[in-house]
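First to last, the sequence lines map onto chains A and B.
Just so you know, we're using this note's numbering here: the first sequence kicks off at 54 and counts up by one.
Just so you know, we're using this note's numbering here: the second sequence kicks off at 20 and counts up by one.
Where is the CB? At the ideal position from N, CA and C, for every residue including glycine.
Encoded as structure tokens, the structure appears first; notes follow it.
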Amino acid sequence: MSGKIQYLSEEWRAEAERRLKAEITPEKMKNMTASLANVFHNCPDGNAWWLFFGYENGELARLEVGQGDPPAAEFTVSGDYDVFARISRAELGSQRALMTGKLKLKGNMVKALKLASVVDRLNKVLAGIEAEY
Amino acid sequence: MNQQDTYFIDFPARVKAIQAGMAQHNLDVYLGSRLRTTSWVLDAFCPWRSFVVIPAEGIPTGFTFVIDAARVADESWVGEDNVRGFAPMGGQDQIGQISEFILDLLPGGKGRVGMESGMSNYLPEGWLTHYEYEQFSAALSGCELVNAHTLVDELSLIKDAGTIARFREASRQVDEGHKAVAAALANGGWKGLTETEVAGIAALAMRRAGSVWEWSFTGGNEIASGPRTGYAGGACTPATQRKLAAGEPLMVDIHSMFKLCLGDHAHNYLIAPATDRQLWHADNFVRIVTATLGAYRAGISPADLAEEMMGLAEDGGFADYMVPGFEHGIGMMGDEWRIGKNDGPFPYWTNPDHVYLENEVLICAMQYACPEDGVGFRYENPIVLSKDGCEALSKYPLGVDVVE
């Protein structure tokens, strides 16, 4: 046993929620109200998974993991599971992944630019979870 | 603007007239791409490659380069939700984003889309249009037309000594423009000045120094004051008739041309009294510009540099205010955008992994913007890359000057 949590499992989701709430203040989240869905293609189990973040006034209100179609979100980022895993292991920056076309963003780009650094903060916290991919 | 205003135009009525024409021609969507169309429909200056998508019913949506989208939204009647910005990112390049938008308007993704193809004698870039291609193909029926622009693009990437000398002279002219602006602002001279007057003061000084044109297609000299300096993600500010005011920032981004080579330098001010918060922003800005100029050299890539500088900004607590790009391309007149060759993941955008070479010239460019504080600063300066660093061609001292 490696002692690592399986990425996108319920245990991982709960740990992610705990850390995001503990480590990122509403001020650090620019008190934003927004939603983001990450959609994972080519997952190891052959299914499409999603990870949904819902923020209200900078507070994490929803963090959900599921399969199939994600809930409606203001921003949707889609790409291969492996790309998200590399971001979560801090091997690849999310902005670089977007700039090189490894990830695809759907949503208003002007608003997304305002949130680019915020998303980096989320990823930095998630990268701290020892996970099995 | 109300209907009694002398300059009132009924833009919703214009759109309805277009939509009536679309119905007559059995068009489900109209994809406008000409400057005349964006002006006539959006009522906003769109100097970057822009598009407007007109649905069968409802308000049109404009698409422009993301660095100018917030300003266009601010000036157009269609509103923030109906102006989108495109960028070289997955799902956000102009073809992908606009296509997806159009498909969402069409049931089952099927329909007739009106578009604009023809030719004209004026437009800066000069790509062969679809119409011209068809006409040349017909007129040269025994020939094969081959897209070959990469030949010129590759050959013009490294600047020779004469080109660099011309750039150096254009930057000297820009510095004269900045000196004239600084002199005009000093000792209370800023009072009553408008952004356009500042643009004119700089233009006169640069022309006296030998410049023949404030070449930028983005409105010549870009002057912004007050909250116009801080558009989210913004980096394009054609001057307006807005008056300078005490306690506000002022951004002076001016352009000269000498023997087809281009001066492009931005300097920033705070009109006193400056608040502690404004000075904090100014310090951040000077810090990151200094670090960026210190980091540029042959052998690195735009993505390397962006990651390093955004890391510095995050550590300094100001990453939220940085546009994550630190350069744009430059060459002789007409070559003002992409860095390097057309070999990146998004066609006709800078390759983020382009490895800089010695004697490339680019504009070290960055935009700092805090819309909530109504403050922003811009830096632009042509730099020549060498093995160990870069030479900044404009010698005007870096800083955010507080005008007492």
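Please name the residue or residues paired with residue i in a DSSP beta bridge.
| i | result |
| --- | --- |
| residue 59 of chain A | A:185 |
| residue 225 of chain B | Beta-bridge pairing links residue 225 of chain B to no other residue. |
| residue 385 of chain B | B:398 |
| residue 119 of chain A | A:103 |
| residue 89 of chain A | A:106 and A:128 |
| residue 420 of chain B | B:288 |
| residue 50 of chain B | B:72 |
| residue 10 of chain B | Nothing can be reported for residue 10 of chain B: it is not among the residues displayed for chain B, which extend from 20 to 423. |
| residue 113 of chain A | A:108 |
| residue 213 of chain B | B:262 |
| residue 103 of chain B | B:82 |
| residue 162 of chain B | None; residue 162 of chain B has no bridge partner. |
| residue 177 of chain B | B:379 |
Does DSSP put residue i in a helix, in a strand, or in coil?
| i | result |
| --- | --- |
| residue 206 of chain B | helix |
| residue 198 of chain B | helix |
| residue 94 of chain A | strand |
| residue 330 of chain B | helix |
| residue 5 of chain B | For chain B, the structure presents residues 20 to 423; residue 5 of chain B sits outside this window and is missing. |
| residue 273 of chain B | strand |
| residue 175 of chain A | helix |
| residue 268 of chain B | strand |
| residue 129 of chain A | strand |
| residue 143 of chain B | coil |
| residue 347 of chain B | strand |
| residue 159 of chain A | strand |
| residue 220 of chain B | helix |
| residue 93 of chain B | helix |
| residue 119 of chain B | helix |
| residue 236 of chain B | coil |
| residue 281 of chain B | strand |
| residue 189 of chain B | helix |
Starting from the beta carbon of residue i, find every residue of chain D whose beta carbon is closer than 7 Å, and list them in chain order.
| i | result |
| --- | --- |
| residue 108 of chain B | The displayed structure is made up of protein chains A and B, and chain D is not among them. |
Under 7 Å Cβ to Cβ from residue i, same chain only, skipping five residues before and after it: list those, please.
| i | result |
| --- | --- |
| residue 57 of chain B | 51, 65, 69, 71 and 81 |
| residue 110 of chain A | 79, 84 and 86 |
| residue 172 of chain B | 360 and 361 |
| residue 64 of chain A | 58 |
| residue 332 of chain B | 307, 338 and 341 |
Skipping 5 residues on each side, what residues in its chain have a beta carbon closer than 6 Å to that of residue i?
| i | result |
| --- | --- |
| residue 20 of chain B | 27 |
| residue 87 of chain A | 108 and 127 |
| residue 113 of chain B | 105 |
| residue 235 of chain B | 274 |
| residue 258 of chain B | 214, 215, 218 and 242 |
| residue 118 of chain A | 61, 66 and 104 |
| residue 181 of chain A | none |
| residue 143 of chain A | 180 |
| residue 78 of chain B | 97 and 101 |
Can you find the residues in the same chain that come closer than 8 Å, C-beta to C-beta, to residue i, ignoring five residues on each side of it along the sequence?
| i | result |
| --- | --- |
| residue 23 of chain B | none |
| residue 35 of chain B | none |
| residue 420 of chain B | 201, 286, 287, 288 and 289 |
*Spell out a yes or no on whether the region 131-141 of chain B and the region 170-184 of chain A are touching, meaning 3 or more CB-CB pairs, one atom from each, closer than 8 Å.*
Under the 8 Å Cβ criterion, the region 131-141 of chain B does not count as touching the region 170-184 of chain A, having fewer than three qualifying pairs.
_Any contact between the region 384-391 of chain B and the region 304-321 of chain B? By contact I mean 3 or more CB pairs, one from each, below 8 Å._
They touch, by the three-pair rule.
*Scan the region 60-91 of chain A for residues whose Cβ lies nearer than 7 Å to a Cβ of chain B and list them as they occur along the chain.*
Answer in chain order: 83.
*Is there contact here, the region 334-351 of chain B with the region 160-174 of chain A, by at least three beta-carbon pairs under 8 Å?*
Remark: three or more beta-carbon pairs, one from each stretch, lie closer than 8 Å, so the region 334-351 of chain B and the region 160-174 of chain A are flagged as touching.
_Does the structure place the region 410-419 of chain B close enough to the region 175-190 of chain B that three or more beta carbon pairs sit under 8 Å?_
Counting Cβ pairs under 8 Å, three or more are found: they touch.
*Of all the residues that make up the region 124-145 of chain A, which are near chain B by a beta-carbon distance shorter than 7 Å?*
Listed by position, the residues of the region 124-145 of chain A near chain B (Cβ gap below 7 Å) amount to none.
*Give the residues from the region 95-128 of chain B that approach chain A closer than 9 Å (Cβ to any Cβ), ordered along the chain.*
For chain A, the residues of the region 95-128 of chain B that bring a beta carbon within less than 9 Å of one of its beta carbons are 99, 100, 102, 103, 104, 105, 106, 107, 108, 109, 110, 111, 112, 115, 116 and 119, in chain order.
*Taking one C-beta from the region 30-49 of chain B and one from the region 140-157 of chain B each time, how about it: are there three or more such pairs within less than 8 Å?*
No: the two stretches stay apart, fewer than three of their Cβ pairs being nearer than 8 Å.
*Count the C-beta pairs between the region 87-103 of chain A and the region 128-138 of chain A that are closer than 8 Å, then say yes if the count reaches three, no if not.*
Yes, the region 87-103 of chain A is in contact with the region 128-138 of chain A.
_To be precise: take each residue of the region 139-154 of chain B, compare its Cβ to all Cβ atoms of chain A, and keep it if any distance is under 8 Å. Which residues remain?_
Of all residues in the region 139-154 of chain B, none has a Cβ within less than 8 Å of some Cβ in chain A.
*For the region 284-297 of chain B against the region 259-274 of chain B, are there 3 or more C-beta pairs whose distance is under 8 Å?*
The region 284-297 of chain B, when compared against the region 259-274 of chain B, does touch it at the 8 Å Cβ threshold.
_Stretch pair the region 114-129 of chain B + the region 277-284 of chain B: three plus CB contacts closer than 8 Å_ = The region 277-284 of chain B and the region 114-129 of chain B do not touch, with fewer than three beta-carbon pairs separated by less than 8 Å.
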